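To start, the structure itself, in structure tokens.
Residue numbers (the working numbering): 7 to 153.
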């Protein structure tokens with residue numbers, strides 16, 4: 007996988023622990039004057055440090071764009087990709103939340119990751135999130151025989 011610092015939203019960035027609701031996490035990418043030139047790019051979101059909570063928290067992740075760098079979390083930003091709510095027990099270190107091709111469609115100038123924490127506040131958890139033109143999907147499997 008090829009990583010570029012300018013295409014990185016989060017590098018071991020903490021998830022919000024101030025309660026439930028939506029929040030912009032990490033950095034915002036400025037797509038410039040031609041924001042629709044994202045063809046061939048992939049969004050990768052991966053858990054860096056396990057998500058914890060005193061309750062049964064869930065987290066949903068979304069890729070959104072907006073006309074201003076402070077991407078709105080009130081639902082007015084353009085959502086390009088979103089997960090369903092994922093239980094904290096699933097969000098362990100190394101868990102890959104998403105590895106998806108960016109969808110076509112009109113993008114606004116600024117692109118960012120919005121998380122929505124539900125049910126209970128988080129006490130810890132960090133993610134990595136970035137755009138890349140090559141996702142690593144190789145996985146080792148046990149051979150059906152022994153050597």
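Each residue gets a CB set at the ideal place from its N, CA and C atoms; glycine is no exception. In this text the structure is predicted, and so the values were computed from the model without any measurement.
- Query: So which of 142, 133, 138 has the shortest CA-CA distance to residue 22?
  - Reply: 133
- Taking residue 18 as the reference, which of 105, 106, 100, 87 has the closest Cα? 100
- Query: In this structure, what does DSSP give as the bridge partners for residue 217?
  - Reply: Because residue 217 is not part of the residues shown, which for the chain are 7 to 153, the question remains open.
- Task: Can you give me the start and stop residues for the beta strand (DSSP E) that residue 14 sits inside?
- Result: 14 to 20
- Task: Give the C-beta separation of residue 30 and residue 120 to the nearest angstrom, bearing in mind that I take them to be a contact with Cβ-Cβ under 8 Å.
- Result: 6 Å
- State whether the region 124 to 140 contacts the region 73 to 85, with contact taken as three or more CB pairs (one from each stretch) at a distance under 8 Å. no
- Between residue 85 and the rest of its own chain, which residues show a CB-CB distance below 6 Å, the 5 nearest in sequence each way excluded? 68, 70
- When the Cα atoms are used, what is the spatial distance from residue 38 to residue 24? 32 Å
- Query: Looking at the unbroken beta strand (DSSP E) that takes in residue 3, where does it start and where does it end?
  - Reply: The structure shown does not extend to residue 3, since the chain is modelled only from 7 to 153, so the question has no answer here.
- Task: Measure the alpha-carbon distance for residue 28 versus residue 80 and round it to whole angstroms.
- Result: 8 Å
- Query: Candidates 44, 102, 35: which alpha carbon is nearest residue 89's?
  - Reply: 102
- What's the call for residue 62, buried or exposed, on a 16-neighbour Cβ count within 10 Å? exposed
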